[in-house]
Amino acid sequence: MARDDQVYDAVRRRVVLFPLPFQGHISPMLHLAELLHARGLAVTVLHTDFNAPDPARHPEFAFVPIRETLPDGAASPETDIVAQLLALNGACEAPFREALASLLLGQRPPDPDVACVVVDGQWYTALGAASGLGLPVLTLRTESAATFRSMLAFPRLRDAGYLPIKDERLDELVAELDPLRARDLIRIDGSDEDALRGFIARVADAMRVSASGVVLNTFDAIEGLELAKIQDELSCPAFAVGPLHRMCRAPAEHSLHEPDRSCLAWLDAHPPRSVLYVSLGSVANVGPGVFEEMAWGLASSGVPFLWVVRPGSVHGTEGTPRMPDGADEEVRSRGKVVAWAPQRGVLAHEAIGAFWSHCGWNSTLESVCEGVPVLAQPCFADQTVNARYLTHQWGVGLELGDVIERATVAETVRMMMTGKEGDRVRERARQLKLQADQCVATSLAIDNLAQYMLSI
Ligand code: UDX
């Protein structure tokens, strides 16, 4: 394409990327890598041993492990997420710095020299370490612009009394973050709110001190206003380069788990828009009570469904969770249960009529890009923000409610799949998909980002 050629007859330079080792962060970072490589930049991925990406999927990139030593339990799903992020930042700072320094030392002409480093937005220690080595650093935010903006506003929200979140103010609209209410702000149940705020403050401080740019996996058609407000607040440029998985011509699969592709053949046997896809992403867990209500609600809805039940995704169980007594046969007569799905392929399948989702940002973008409406069950962190935008800003989602209970589940599922409300949000989702298609077809955001990387 002419666009690509324009940018890169340039001298070959290298970009070094450092993803956070979780599914929802690895995929967007490696999609960004694909896009930059397609524009002529050489790519080195520094990575942790924990949840290491598979180098075989990208022979065109150099992969370098940083060889971190994590404290015991730091990366266990039982450890709360804020504690995991703090531990990862602490344990990876020095190994990351050493790996980056030896990469710089080992550079010999005609090796492409390092133009800049891109670290995941949660790596506040790596941001400082790379900048300390004299390199320009950009930070990739893997959440929405609305979430990022709400994080930047945290100190003001504390002064205005919204934080710590108070029960009596839960339904109050947060004036500067419309349409978010206090209940939609990032929170992590079971985590100390002070620790979460402290973590967000470290991330924001590191970014303000060390980042030469912010990269966001979103696009103007859905978050134009939020992006403008972010740019007003930052002293470095912000680049909205999303939806990253759609910007790639043939986005590679970056799953940490092997997807069960038999579900695609199962979907082939179903009429268009008849199947509900159910998945709570790569991290969220539910209690056994909620799992049981989900199972009975799905079974009694009368709707065919494809349900991802990840091993370990029900609190207190190891391995694949067992269906509740009596529900197994009912579930299997109408549904297909898999441990991990090829989600992008599933959402693109014409048999899918809606997505019961935890509203992680990648899942949100993937459903928007396929025109699939969402039944929202946010679990933690930024998912409440995304759910609010899906249901109240873009009009492409319905809420499942705070309490998951079988009769309500069955009724809401039927409303979504066969009711007028479902038709309404499905039509809106179809329109939003067209806007996403338009954005993908016309965006120059990656080219602008690449040019900026070569200029700093
Ligand atoms: C969490 C946050 O909620 C998210 O907003 C943040 O930016 C990253 O961390 P996660 O639980 O991983 O994310 O959800 P999500 O962001 O939706 O990412 C999950 C990814 O795994 C998606 O790309 C999805 O396609 C993929 N996936 C999930 C599969 O490929 N198969 C599955 O069965 C389930």
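Residue numbers (the numbering used here): 3 to 458.
Don't be surprised by glycine CBs; every beta carbon is placed ideally from N, CA and C.
Source: prediction; values computed, not measured.
Bridge partners for residue i per DSSP, in chain order?
{"i": "TRP309", "result": "VAL280 and VAL339"}
{"i": "TRP358", "result": "VAL280 and LEU377"}
{"i": "PRO166", "result": "For PRO166, which the question treats as bridged, DSSP gives no partner whatsoever."}
{"i": "THR141", "result": "VAL121 and VAL216"}
{"i": "HIS49", "result": "PRO67"}
{"i": "GLU401", "result": "ALA378"}
{"i": "VAL17", "result": "VAL45 and CYS118"}
{"i": "ARG189", "result": "ALA383"}
{"i": "ARG426", "result": "ARG426 pairs with nothing; no bridge assigned."}
{"i": "ALA242", "result": "LEU218"}
How would you label residue i, buried or exposed, when you count the other beta carbons within 10 angstroms and need 16 or more for buried?
{"i": "ALA460", "result": "Residue coverage of the chain in this structure runs from 3 to 458, which leaves residue 460 outside it and unanswerable."}
{"i": "THR386", "result": "buried"}
{"i": "ALA208", "result": "buried"}
{"i": "ASP7", "result": "Because the pLDDT of ASP7 is 43, which lies under 50, any placement of that residue in the model is unreliable, and the number read from its coordinates should be weighed accordingly. Looking at its Cβ environment, which holds fewer than 16 other Cβ atoms inside 10 Å, ASP7 is exposed."}
{"i": "ALA12", "result": "Because ALA12 sits at a pLDDT of 49, beneath the cut-off of 50, its placement in the model cannot be relied upon, and the following sentence gives the value as read from the coordinates. Its Cβ having fewer than 16 others within 10 Å, ALA12 is exposed."}
{"i": "GLU320", "result": "exposed"}
{"i": "GLU195", "result": "exposed"}
{"i": "ALA4", "result": "With a pLDDT of 37 at ALA4, under the threshold of 50, the modelled position of this residue cannot be trusted; read the value that follows with caution. By the 10 Å Cβ count, ALA4 comes out exposed."}
{"i": "LEU436", "result": "exposed"}
{"i": "PRO21", "result": "buried"}
{"i": "SER359", "result": "buried"}
{"i": "SER335", "result": "exposed"}
{"i": "GLN379", "result": "buried"}
{"i": "GLY226", "result": "exposed"}
{"i": "ALA443", "result": "exposed"}
{"i": "VAL27", "result": "Before going further, note that residue 27 is His rather than Val in the sequence given. By the neighbour-count rule (16 or more Cβ atoms within 10 Å), HIS27 is buried."}
{"i": "SER369", "result": "buried"}
{"i": "GLU100", "result": "exposed"}
Candidates the options: which alpha carbon is nearest residue i's?
{"i": "LEU367", "options": "THR386, ARG346, PRO380 and PHE382", "result": "ARG346"}
{"i": "ARG151", "options": "LYS231, GLY362 and HIS27", "result": "LYS231"}
{"i": "LEU198", "options": "ARG160, VAL139, LEU137 and ALA389", "result": "ARG160"}
{"i": "HIS256", "options": "LEU19, HIS33 and GLN379", "result": "HIS33"}
{"i": "ARG251", "options": "PHE241, ARG41 and ARG110", "result": "ARG41"}
{"i": "LYS168", "options": "ALA148, THR149, ARG189 and GLU178", "result": "ARG189"}
{"i": "GLN425", "options": "ALA443, GLY373 and PHE20", "result": "Inspection of the sequence shows that residue 425 is occupied by Asp rather than by Gln. With distances taken between Cα atoms, ASP425 lies closest to GLY373."}
{"i": "CYS238", "options": "PHE221, GLY226, GLU260 and ALA213", "result": "ALA213"}
{"i": "LYS338", "options": "ASN53, CYS265 and CYS371", "result": "CYS265"}
{"i": "ASN287", "options": "LEU135, THR81 and ILE458", "result": "THR81"}
{"i": "ALA438", "options": "PRO261, GLU401, ILE224 and TRP363", "result": "ILE224"}
{"i": "GLU1", "options": "ILE202, PHE201 and ALA148", "result": "The shown model of the chain, from 3 to 458, leaves out residue 1, and the question about it has no answer."}
{"i": "GLY75", "options": "GLU62, PRO61, ALA64 and LEU90", "result": "LEU90"}
{"i": "TRP342", "options": "CYS361, HIS259 and GLU423", "result": "HIS259"}
{"i": "LEU300", "options": "ASP330, ALA271 and PRO323", "result": "ASP330"}
{"i": "LEU154", "options": "VAL205, ASN219 and PRO326", "result": "VAL205"}
{"i": "ILE448", "options": "ALA242, THR420 and GLY362", "result": "ALA242"}
{"i": "SER365", "options": "ALA452, THR220 and GLN233", "result": "THR220"}
{"i": "ALA254", "options": "LEU172, ASN53, PRO61 and LEU402", "result": "PRO61"}
{"i": "GLY200", "options": "ASN388, LEU135 and LEU87", "result": "LEU87"}
Report the rounded CA-to-CA distance for residue i versus residue j, giving the unit in angstroms.
{"i": "GLY163", "j": "PRO181", "result": "18 Å"}
{"i": "ALA96", "j": "SER104", "result": "12 Å"}
{"i": "TYR10", "j": "GLN440", "result": "Only weak support exists for where TYR10 lies, its pLDDT of 48 falling under 50; the value from the coordinates is given anyway. Computed Cα separation, rounded: 24 Å."}
{"i": "VAL348", "j": "ARG110", "result": "45 Å"}
{"i": "SER354", "j": "LEU129", "result": "A small correction: the amino acid at residue 354 is Ile; Ser does not occupy that position in the sequence shown. The straight-line gap from Cα to Cα measures roughly 41 Å."}
{"i": "GLU352", "j": "VAL139", "result": "41 Å"}
{"i": "PHE293", "j": "VAL316", "result": "7 Å"}
{"i": "VAL18", "j": "ALA131", "result": "13 Å"}
{"i": "SER445", "j": "PRO273", "result": "34 Å"}
{"i": "PRO67", "j": "TRP125", "result": "16 Å"}
{"i": "PRO313", "j": "PRO112", "result": "47 Å"}
{"i": "PRO344", "j": "ARG248", "result": "15 Å"}
{"i": "GLU222", "j": "THR50", "result": "Here residue 222 is Asp; the residue named in the question, Glu, does not match the sequence. Computed Cα separation, rounded: 33 Å."}
Do residue j and residue i count as a contact pair if the criterion is CB distance below 8 Å?
{"i": "THR127", "j": "CYS94", "result": "yes"}
{"i": "TRP298", "j": "ARG428", "result": "no"}
{"i": "GLN25", "j": "SER284", "result": "yes"}
{"i": "PRO306", "j": "SER276", "result": "yes"}
{"i": "TYR454", "j": "GLY215", "result": "yes"}
{"i": "ARG16", "j": "LEU43", "result": "yes"}
{"i": "ALA356", "j": "MET418", "result": "yes"}
{"i": "LEU1", "j": "PRO30", "result": "Nothing in the structure corresponds to residue 1, since the chain is present only between 3 and 458."}
{"i": "VAL84", "j": "PHE65", "result": "no"}
{"i": "LEU456", "j": "ALA240", "result": "no"}
{"i": "VAL415", "j": "LEU308", "result": "no"}
{"i": "LEU434", "j": "TRP396", "result": "yes"}
Would you say the beta carbon of residue i is closer than 7 Å to some non-hydrogen atom of the ligand FAD?
{"i": "ARG390", "result": "This structure lacks the ligand FAD; the ligands present are the ligand UDX."}
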